[in-house]
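Per our numbering, the very first residue in the sequence shown carries number 7; after that it's consecutive.
All remarks here apply to the structure that follows.
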Amino acid sequence: MKKQLLALAATLVVGVQALAADVKVVVSADQPGPVIHRNIYGQFAEHLGTGIYEGMWVGPESKIPNVRGWRKDVVAALKDLKVPLVRWPGGCFADEYHWRDGIGPRSKRPVKVNTHWGGVPENNAVGTHEFFDLVEQLGAEAYVNANMGTGSPQEAAEWLEYMTGEGNATIVEQRRKNGRDKPFRIHYYALGNETWGCGGNMRPEYYADLYRHWATFLKTPAHNRPKFIASGGNDTDTTWTDVLSKNIRHNFDGIAHHAYTFPTGRFEGKGPAAGFPESDWISMLSQVKKIDDTLAKSRVILDKNDPAKRLEVYFDEWGSWYDPEPGSNPGFLVQRNTLRDALLAALHFHVFHAHAERVKMSNVAQMVNVLQAMILTSKDKLVLTPTYHAFKLYTPFQDATSLPARIENNPVYKVGATEMPGLSATAGRGKDGKLYVGLVNSNANQPAELTLQVGTSAPKSVKGQLLTAGAMDAQNELGKPAQVVPQAFEAQAVDGKLTLKLPAKSIVVVAIEG
Ligand code: AHR
């Protein structure tokens with residue numbers, strides 16, 4: 007009996023090994039899906055803490071090298087990232103922002119108090135002209151968020167006219183006097199932000215009516231018409247998607263949803279950015295499923311209310327949000343950025359790719375020094391975060407054509423009562439014609455081995471990059487050697503089989519060669 011049991015146990019072990027070896031990622035290159043809009047890789051820059059002031063804007067007089075006030079080092083790093091789009095000026099800040107405070111000679115601009123973020127003075131040094139200078143330096147598109155909280159339909163309409171007007175109306179002449187002859191090119195214009203909360207505590211029905219009213223007066227030359235955005239729901243709440251898509255018709259191109267991820271799942275007592283247990287690691291990564299579920303739900307609603315599929319879905323704020331860095335101004339939303347954030351970003355990309363039919367734009371919160379930032383600065387120094395590197399790895403997916411990527415025998419990753427699929431995969435045909443595959447191994451301890459197939463055959467080889475590190479909370483800190491940097495990754499087929507070995511807690515993005 008004992009012998010039989012031992013034999014059975016041995017068979018089971020062999021069986022488990024065989025199962026592990028059988029993990030397979032199959033890309034269907036013959037089933038092209040929608041294009042992954044490059045603006046899915048958009049960014050968010052708000053007047054918040056050192057996100058803009060210090061982090062990016064130092065002013066033309068600064069000793070820190072700059073072009074018309076914007077830091078050269080930060081702009082160069084963001085250009086390298088191929089940032090396709092920047093949203094500005096908020097956030098909650100947008101609903102107290104009066105655009106006229108930010109035009110004309112900087113020395114004459116009014117100083118206000120940033121009541122949302124830290125109660126610090128806001129001198130309006132960065133206004134409309136400076137923002138467009140930034141996006142033009144980056145070669146990015148512009149997303150401007152109008153004030154529906156404390157503004158008026160007239161103010162929102164006139165801002166648009168100021169930016170896009172071409173004739174000799176006084177407001178357009180004013181723009182010219184302020185140094186800009188040709189109109190600014192604006193790609194997205196939103197009315198309000200989080201109108202369910204900091205933007206006015208509205209009900210969706212009330213906001214829908216208000217939007218209909220205000221949107222009536224948004225006018226631009228036809229060739230410079232932005233997409234008009236309504237502020238949507240939060241987290242998993244799709245009520246707003248339903249109400250807005252049922253009730254708004256005119257000047258309405260998309261709905262902006264927000265979804266942040268907190269380790270504890272709660273806004274109050276979010277959990278630390280570093281020095282966390284594995285249960286916090288899996289808690290963050292497994293929550294990306296809620297984005298997937300919310301999008302699936304939103305698509306069902308929209309397919310009913312907008313069968314022509316005209317409306318787009320935007321995630322114009324997403325990312326990790328932790329307890330503030332000890333010793334920092336809690337209103338500045340300063341947090342560390344670790345390997346966990348890089349994987350969180352990559353998993354978001356996979357979800358956005360999967361819903362590329364409706365999701366045409368997203369903005370990670372935020373670009374520099376705030377929340378899940380790409381870059382952290384201190385005086386004249388900067389550091390590229392793990393999230394920066396995740397964004398960099400996925401640049402080939404900007405405007406790629408999505409392709410189905412199926413995982414067979416996906417191992418389960420479990421910590422305590424929380425479990426999630428160990429592996430995640432995405433694929434696309436890049437604009438350069440190459441086939442790209444993105445893979446995430448969420449398991450913090452176990453490496454994964456998988457075979458990669460395109461249809462029924464194995465590619466000859468793959469080449470790309472790997473992002474991983476020794477610790478779950480590995481980070482890149484100023485003055486210390488960077489712990490999270492991309493490494494070259496490649497693999498060749500052997501006997502008609504291409505095996506990829508993914509370290510624990512890693513991201514791999516490869517191009518298929520042959
Ligand atoms: O990104 C920080 C804040 O989060 C934004 O201002 C607001 O829209 C959201 O609540």
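The beta-carbon is built from N, C-alpha and C at its ideal position, and this holds for glycine as well.
In the three-state DSSP reduction, I297 falls in the helix class (H, G or I).
Across the set S384, G260, L456 and A450, the C-alpha of L456 shows the shortest separation from the C-alpha of R412. If you compare the alpha carbons of G485, Q459, P509 and Q489 with that of A517, the shortest gap goes to Q459. Closest in alpha carbon position to K30, among A450, E519 and P417, is P417. In the structure shown, F273 adopts coil according to DSSP, grouped into three states. When the beta-carbon positions are compared, W63 and V119 stay at least 8 angstroms from each other. Exclusion of E284 from the 7 angstroms shell around the ligand AHR follows from its C-beta lying no nearer than that to any non-hydrogen atom of the ligand. A direct Cα-to-Cα measurement between V389 and G206 gives close to 36 angstroms.
With respect to the 8 angstroms criterion, P40 and R435 are not classified as neighbours on the basis of their beta carbons.
Counting the other CB atoms within 10 Å of its CB gives K276 a total of 16 or more, which places it among the buried residues.
Closest in alpha carbon position to D241, among T222, H264 and H229, is H264. V340 is the residue among V340, N151, D405 and Y442 whose C-alpha sits nearest the C-alpha of V376. By the beta-carbon neighbour count (other beta carbons within 10 angstroms, threshold 16), E142 is exposed. Collapsing the DSSP output to three states places T401 in a helix. The C-alpha of Y217 is placed about 7 angstroms away from the C-alpha of A236.
Annotation for T176: the continuous alpha helix (DSSP H) segment containing it runs T176 to K183. Looking only at P210, A228 and Y213, the smallest Cα-Cα distance to I192 is reached by A228. Less than 8 angstroms divides the Cβ of P392 from the Cβ of T344. Take the alpha-carbon of N230 and the one of V80: they are about 29 angstroms apart.
W324 and V370 have their alpha carbons spaced roughly 5 angstroms apart.
Per the coordinates, the alpha-carbon of A406 lies some 25 angstroms from the alpha-carbon of K507. At a cut-off of 7 angstroms, the beta-carbon of N153 does not count as near the ligand AHR: no heavy atom of the ligand is closer than that. Per the DSSP secondary-structure output, E496 pairs in a beta bridge with K469.
Here I288 has V421 and T424 as same chain residues with Cβ atoms under 6 angstroms from its own Cβ, once five neighbours each way along the sequence are excluded. Taken in chain order, the complete beta strand (DSSP E) segments of 3 or more residues contained in the region 128-161 are 147-152. Annotation for W324: no alpha helix (DSSP H) segment contains it, though the beta strand (DSSP E) segment containing it runs E318 to S326. A51 and S463 have their alpha carbons spaced roughly 44 angstroms apart. In this chain, the beta strand (DSSP E) harbouring T432 covers L429 to R435. In this structure Q49 is in contact with M373, their Cβ atoms being roughly 4 angstroms apart against a cut-off of 8 angstroms. Annotated as proximal: Q493 and Q471, with beta-carbon spacing under 8 angstroms.
By the CB criterion at 8 angstroms, D28 and E414 fall inside the cutoff. Of the heavy atoms belonging to the ligand AHR, none sits nearer than 7 angstroms to the Cβ of Q49. Counting along the chain, A360 sits inside the alpha helix (DSSP H) bounded by residues L345 to A360. Its Cα nearest to that of F358, the residue L301 stands out among P465, L301, V500 and K252.
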